[in-house]
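Note sheet for the following structure.
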Amino acid sequence: MEKMVGIRNFRERRRVIQSLNLTSDLLSSVTFEDIISTQEVLRILTGIVDLRVTRVEPQRSYRNLYGHSSVSDIWAEDSRNRQFNLEIQIADNEDHLRRSRFIQSRMDSRSLSSGTEYERMPELYLIFLTKSDFLHIGKGFCEIVRSIRDMDKEVDNGVHEIYVNLEYPVKDKTMQCLLDFISDTNNPEICTEGFEHLAERVRYLKNDEQGVRVMCEVLERERAEGRAEGEMLCLIGQIIKKQAKGMESSEISEQLEEKEFVVSKILVAMAKANSEEPEAVLECLAGSRH
């Protein structure tokens, strides 16, 4: 009986995995652990044909103890020390331009060590792939550049902002095929010339038995982490309510049957976050662990 349940669970997870596209955090995070797959995508989106990726980090955290934190979809570095941040943002309810500004600040702060001269800061490529044309430009690709107003003169500060959307087509055929593939990895008619390694990586993760097992492990881990986060949010909410009633740490600990040092850490995080919203307190707790 237990074996049959296990088989059914595996088949169900496999169905979920095979339905995913690269707009999914789950599939993209595992896919882009692979350097060559990431390199193919960045070469196409930036137009840098000789770009050679040396390091990649999917789901890179930008923690901030004193404010907002963020997780980048894909961070990469190439052989010339250029840094790339690729965001695949399907939701329309976010200010992508200001998110780009925030990510730039976090990348700069991580790369600029004390005493480093500004001219040694690396070139940054901030690439946003969105579902809709939120800039309302009527085309699928654009690059935002700094320029002097009323003058046809660009000012280069080493930051390149590229915005690609799935609503409108792009001129470059290979890029269009890549965008089609990102939104529909199950379509066999899409030409994958120029990103063959990426296509094979996705096929392996979605259809090969060993690759599917890798994805199943990640899926189960994420579900477990989600349950743990939900339980922590519940605990934080209870502590917030009891602290609002004037209870001390020891009293809260006794009533909730929770270790006092855990309660104390959450109270400290509440003070740092300057908030009584459980999500803000949890974010502050996560930041304090990095």
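Residues 128 to 417 (this note's numbering) make up the sequence shown, in order. Just so you know, even glycine gets a beta-carbon here, dropped at the ideal spot from N, CA and C. None of the values given here were measured: they were computed from a predicted structure.
Item: Using DSSP with H/G/I as helix, E/B as strand and the rest coil, what is T319?; Value: coil
Item: Spell out a yes or no on whether the segment 294 to 303 and the segment 258 to 267 are touching, meaning 3 or more CB-CB pairs, one atom from each, closer than 8 Å.; Value: yes
Item: What do you reckon, are the CB atoms on N212 and L153 nearer than 8 Å?; Value: no
Item: Answer yes if the segment 158 to 165 comes into contact with the segment 327 to 346, meaning at least three C-beta pairs across the two stretches below 8 Å, and no otherwise.; Value: yes
Item: Between the Cα of Q210 and those of R247, R276 and S380, spot the shortest distance and give me the residue it belongs to.; Value: R247
Item: Unbroken alpha helix (DSSP H) runs of length 4 or more, entirely within the segment 195 to 273: which are they?; Value: 223 to 238
Item: When you compare only the Cα positions, how much space is there between M145 and V168?; Value: Looking at the sequence itself, residue 145 is Gln, so the reference to Met does not match. The alpha-carbon atoms of Q145 and V168 are separated by roughly 21 Å.
Item: DSSP puts E184 in a beta bridge; with which residues?; Value: W202
Item: Any idea what DSSP makes of N334, helix, strand or coil?; Value: helix
Item: On the three-state DSSP scale, how would you describe N292?; Value: strand
Item: Please state whether DSSP places E281 in a helix, a strand or coil.; Value: strand
Item: Can you tell which of T301, I289, E320 and E281 has the C-alpha that lies nearest to the C-alpha of L251?; Value: I289
Item: Rounded to whole angstroms, what's the CA-CA distance from R182 to A351? Just pull it up for me.; Value: 28 Å
Item: Identify whether V297 lies in helix, strand or coil by the three-state DSSP scheme.; Value: coil
Item: Is the separation between the beta-carbon of A396 and that of L412 shorter than 8 Å?; Value: yes
Item: How about T257 and H223: are their beta carbons less than 8 Å apart?; Value: yes
Item: Which residues mark the beginning and the end of the alpha helix (DSSP H) in which L383 is found?; Value: S376 to L383
Item: Please return the same chain residues whose Cβ sits closer than 7 Å to the Cβ of C318, not counting the five positions on each side in sequence.; Value: C304
Item: Taking the C-alpha atoms as reference points, what is the distance between R348 and D277?; Value: 54 Å
Item: Out of curiosity, what's the CA-to-CA distance linking D311 and S155?; Value: 13 Å
Item: Please name the residue in S380, G353 and A355 whose C-alpha comes closest to that of Q365.; Value: S380
Item: My assumption, with CB atoms under 8 Å, is that V341 sits in contact with V157. Please give the rounded CB distance.; Value: 7 Å
Item: With a CB to CB cut of under 7 Å and the five nearest residues on each side skipped, what residues in its chain are close to M359?; Value: L409
Item: I need the DSSP call for V329, collapsed to helix, strand or coil.; Value: helix
Item: So, F394 versus Q370, is the Cβ gap smaller than 8 Å?; Value: One point to set straight first is that residue 394 is Leu, not Phe, in the sequence displayed. For L394 and Q370, yes; Cβs fall inside 8 Å.
Item: If you follow the alpha helix (DSSP H) that S164 is part of, which residue opens it and which one closes it?; Value: I162 to T173
Item: Cβ of V180 within 8 Å of Cβ of A203?; Value: yes
Item: Taking its Cβ as the centre, do 16 or more other Cβ atoms sit within 10 Å of E214, making it buried, or is it exposed?; Value: buried
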